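Residue numbers (the numbering used here), protein chains in the order written: chain A, -17 to 78; chain B, -17 to 78. All C-beta atoms, glycine included, are put in the ideal place defined by N, C-alpha and C. Note that the structure is predicted; figures quoted are calculated from it, not measured.
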DNA sequence: CTTGCATTTAGATATTTATCTAAATATCAT
DNA sequence: ATGATATTTAGATAAATATCTAAATGCAAG
């Protein structure tokens, strides 16, 4: 359920803030963590959900793991919302 | 927190399905209920969240309460997503 | 190959959420 | 007023979620 995971991911304020941070530039988990007061373990949990939704991608760089925004999926999400509005669009409720 | 309530409302598959049903036409709660197997009480709970997010509006018509999609808020939501993408947009994280 | 740093995983807990049944409220028709 | 229909509210419960601390893993540098 790709759709569901995206909407779920976007439902949490911390995760939306992570996306906002990442839209400035890609950065490692530790640096993202500097923007928050919650534990790194909790953030890691949020990273997981964002990755599951494919809203962010990761790349290991030595001892760091760099997170980047997956812009195209964000665009898809906005499109899904618009589809929810448009009666002519197919009802692709929950496939894949 | 208008933003939060919108994202929250959209996170649930049943609520998104309600929106899809309503985009065809406005209809009373009972008729919406025919599209679902869950209890009317549970649906009422979902209606509440959708109303809180201002994604739907209600109007009493005799003994029926007619639900309608609030199209403009749906559009706003899509816009918010796009904003989440655009580094130049102001960071209106959670005001109002 | 051990020490240090970055990140994730495990396991526990508290809060939130979706759902139910039963009861309450509101409107209409008689 | 009374009874029938439509919807919501109350109260309970089970499942999902966000968070924490502590431990484990992956990598780099001596």
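Chain-order list of chain B residues neighbouring residue -14(A): -5, by C-beta distance under 7 Å. Rounded to whole angstroms, the gap between the alpha carbons of residue 65(B) and residue -2(A) is 11 Å. Residues of chain B whose Cβ lies closer than 8 Å to the Cβ of residue -10(A) are, in chain order, -7.
Any Cβ of chain A closer than 8 Å to the Cβ of residue 16(B) would place that residue at the interface, and such an atom is absent.
The beta carbons of residue 63(A) and residue 59(B) sit about 5 Å from each other, so the pair counts as a contact at 8 Å. One Cα belongs to residue -5(B), the other to residue -14(A), and the distance between them is close to 7 Å. Of 39(B), 24(B) and 46(B), the smallest CA-CA separation from residue 52(B) is found for 39(B). For residue 10(A), the CB contacts under 8 Å within the same chain, skipping 5 residues up- and downstream, are 43, 46, 47, 48 and 49 in chain order. Here residue 46(A) is bridged, per DSSP, to 43(A). Residues of the segment 32 to 53 of chain A whose Cβ lies closer than 7 Å to any Cβ of chain B, in chain order: 53.
Identification of residues in the segment 2 to 13 of chain B having a C-beta nearer than 7 Å to some C-beta of chain A yields 2, 5 and 6, given in sequence order. In the displayed model, residue 51(B) falls within a strand according to three-state DSSP.
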